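In the numbering used here, the protein residues as written are 1125 to 1445.
This report concerns only the one structure given below.
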């Protein structure tokens, strides 16, 4: 299985989920299924998402008062495998432990998340956008262009292919143009816009600069500096890519960041502040995978590993030597 993309694994997971939905597996199928699960660490999670969706689609009312069944009305011969593939990202959001929700969109709308919340928005063309914590976007679809403005925060875009109708993300003075792919965009005040490609190819450019678009492919990040035309590309190892997307599972991954940087990252997910009283402690580098909405648990764990002390107060946790 090495070399398979996340979309390929999701498609295979949808196949297995659909087979199980039809009845028990044969002995031979069971062996093949177990081999598939064990071949790649991503398979178990993908299969879990598809099975969750299979159960969820049987209970449409549980999806909330804003659910619009007409959006999901399949064609007469629409295979269940395809239903699972389209909805996989929606099911994933239901499994995220940081207040994940989802919405259905026809052609336009404004969507946002609060601190500690994620939201999956399924667009009618088959694209899916996952908003990270404290993020906001505006969607405008026309017959010629699928347009999304990332007003603030971070979002993962899984774009359905349509060569006749490009997909464009605008983040400040930076645009990202694709046909069909998977990528994230980060936009924060006083910080460069970051575009991380998980699959496919995207073009990053600044319309006002009138320069050639920078084309980047999977496992690459583009960084667009503020207030100038500079856009640079950097390779991103697979492990680092997975860390960057840990927020989809309600987690934050660190690998060599300082404690001060980690405290700033946690502030995106919670109003409970991490206050570091010792400057030398703030410069300590950390590593690990932590629950995004638990700054207190993070501070207590780090205090033990760095031989420090964590003192919990109202709305904050203080770290000292």
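C-beta: ideal position from N, C-alpha, C; glycine also.
Please read all numbers here as calculations on a predicted model, not as lab measurements.
Which value, in whole angstroms, describes the spacing of the CA atoms of residue i and residue j?
i: residue 1278; j: residue 1256; result: 5 angstroms
i: residue 1434; j: residue 1389; result: 18 angstroms
i: residue 1135; j: residue 1141; result: 10 angstroms
i: residue 1426; j: residue 1432; result: 8 angstroms
i: residue 1348; j: residue 1356; result: 7 angstroms
i: residue 1440; j: residue 1419; result: 9 angstroms
i: residue 1237; j: residue 1393; result: 10 angstroms
i: residue 1248; j: residue 1284; result: 10 angstroms
i: residue 1383; j: residue 1399; result: 10 angstroms
i: residue 1263; j: residue 1405; result: 43 angstroms
i: residue 1288; j: residue 1294; result: 19 angstroms
i: residue 1338; j: residue 1351; result: 17 angstroms
Excluding the 5 residues flanking residue i on each side, which residues of the same chain have their C-beta closer than 6 angstroms to its C-beta?
i: residue 1335; result: 1353
i: residue 1430; result: 1408
i: residue 1310; result: 1278, 1318
i: residue 1411; result: 1378, 1379
Count the other CB atoms, across all protein chains shown, that sit within 10 Å of the CB of residue i; report buried if there are 16 or more and exposed otherwise.
i: residue 1413; result: exposed
i: residue 1444; result: exposed
i: residue 1401; result: exposed
i: residue 1428; result: exposed
i: residue 1210; result: Caution is warranted here: a pLDDT of 46 is assigned to residue 1210, below 50, making its placement in the model unreliable, and no coordinate value can be reported.
i: residue 1346; result: buried
i: residue 1306; result: buried
i: residue 1358; result: exposed
i: residue 1274; result: buried
i: residue 1341; result: exposed
Under 8 angstroms Cβ to Cβ from residue i, same chain only, skipping five residues before and after it: list those, please.
i: residue 1368; result: 1308, 1320, 1360, 1377
Leaving out five residues before and five after residue i in sequence, what residues of the same chain have Cβ atoms less than 7 angstroms from its Cβ?
i: residue 1362; result: 1343
i: residue 1397; result: 1391, 1439, 1440
Within the continuous beta strand (DSSP E) that includes residue i, where are the two ends?
i: residue 1295; result: 1291-1295
i: residue 1303; result: Unbroken run through residue 1303: none, as it is neither H nor E.
Which first and last residues belong to the alpha helix (DSSP H) in which residue i is found?
i: residue 1161; result: 1151-1163
- Message: For a minimum of 3 consecutive residues, which ranges assigned as the beta strand (DSSP E) are wholly contained in the stretch 1231-1285?
- Response: 1232-1236, 1243-1247, 1252-1255, 1260-1265, 1270-1282
- Within the stretch 1323-1371, ranges of the alpha helix (DSSP H) (whole runs, at least 4 residues): 1362-1368
- Task: Within the stretch 1371-1441, note down every full beta strand (DSSP E) run reaching 3 residues or more, in order along the chain.
- Result: 1375-1382, 1397-1400, 1409-1415, 1433-1437
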